[in-house]
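Numbering (numbering that gives the first Met the number 0), first residue to last: 0 to 217. No residue lacks a Cβ here, since even glycine has one placed at the ideal position from N, Cα and C.
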Amino acid sequence: MSLQLYHTTFSPPSRVVRIIVKQLGINAEEKEVSLLTGEHMKPEFLSINPFHCVPTLVDDGFALWESRSIITYLVDKFAPGNSIYPTELQARAVVNRWLFWDAGTLFSTLGAYFGPIFRGGSAQPEMAELFKKKVAELDSILEKTKYLAGDELTIADITIAVTITTATAVGVDTSELKNVEKWLQQVESDLSASTWKDLVIDPANSLGTFVKAKIASS
């Protein structure tokens, strides 16, 4: 079987998929796609994904994009029954709810803050403030539960942890939210030290350096 993962190191959703691949011990060929040089717009990539986004997974000819779709697919195919994505209907619904909340609210708000930089525009400070308010809402939830969906780590925790650490790296500080900070430390301890460093912190900091430099020069 042939499994390829097209990704970009800067991309938080790409890193989420790479974390799940590593966490589950999946053998996938990782292929870096440079968005800054336009590799995602070349015909060979468009033939795989006409929406020209990363991450994109190709499983023996089957192409799938959107990170949350990819990670649920990977668990169901390679680790069915794993508690990281529970099979019980309501438990799975809670995990899905957090994934959709991140996609439609949290990560999209963060993207609205610094995303315009990549399109020749400027950062939007009001979106950073909105992001903080959303994380504060999350903080109140985490006062009552160890993880987002209960007592065990799930793909929702990994996805949202990557979003929040990315925010920190680009200058959106939420460290005063103690329940979120405790939860992040828990997620860090659940992953290997190399995974946390190589796929969470180091690439987020590289992105942060790029974004902060663009903001400073604007």
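Exposed or buried, residue i, counting other C-beta atoms within 10 Å across all chains shown (16 or more means buried)?
i	result
G60	exposed
T108	buried
K140	Note on residue identity: the sequence assigns Ile, not Lys, to residue 140. It is exposed - the Cβ of I140 has fewer than 16 other Cβ atoms within 10 Å.
P85	buried
N48	buried
R14	buried
Q184	exposed
R67	buried
A92	exposed
T36	exposed
Keeping to the same chain, check which residues put their C-beta closer than 6 Å to that of residue i; ignore five residues upstream and five downstream.
i	result
S82	E151
Y5	K30, V32, V53 and T55
A155	V94, W97, L98, L147 and A148
L198	R14, R17 and I18
Report all residues from its chain with a CB closer than 7 Å to the CB of residue i; omit the five preceding and five following residues, and keep chain order.
i	result
D101	T158, I159 and T162
I69	V16, P54, L56 and L63
V210	F113, I116 and V169
L45	H51
S217	S121
Does DSSP put residue i in a helix, a strand or coil?
i	result
A102	helix
F50	coil
A122	coil
E136	helix
K145	coil
T55	strand
E151	coil
L34	coil
Under 8 Å by Cβ, that's how I've got residue i and residue j pegged, so tell me the actual separation to the nearest angstrom.
i	j	result
L105	I19	Not quite, the Cβ-Cβ distance comes to about 18 Å (not below 8 Å), so this is no contact.
T164	A122	Their Cβ separation, rounded to whole angstroms, is 18 Å, which puts T164 and A122 out of contact at 8 Å.
D75	L2	Contact doesn't hold; Cβ gap of about 14 Å is too wide.
V179	L137	6 Å
A78	L23	5 Å
V134	T173	5 Å
K21	T153	Rounded, the Cβ-Cβ distance is 16 Å, inconsistent with contact.
Using a Cβ-Cβ cut-off of 8 Å (strictly less than) and excluding sequence neighbours within five positions of residue i, which residues of its own chain qualify?
i	result
V171	L109, Y112, A127, F130 and K131
S10	L34, V53 and P54
For the ligand PLP, any of its heavy atoms closer than 7 Å to the Cβ of residue i?
i	result
Y84	In terms of ligand content, the structure shown is empty, and the ligand PLP therefore cannot be addressed.
Inside the stretch 62 to 116 only - beta strand (DSSP E) runs reaching at least 3 residues | none
Whole alpha helix (DSSP H) elements within the stretch 145 to 203, 4-residue minimum | Counting only runs of at least 4 residues, the stretch 145 to 203 fully encloses the following alpha helix (DSSP H) elements, listed from N- to C-terminal order: 154 to 168 and 177 to 189.
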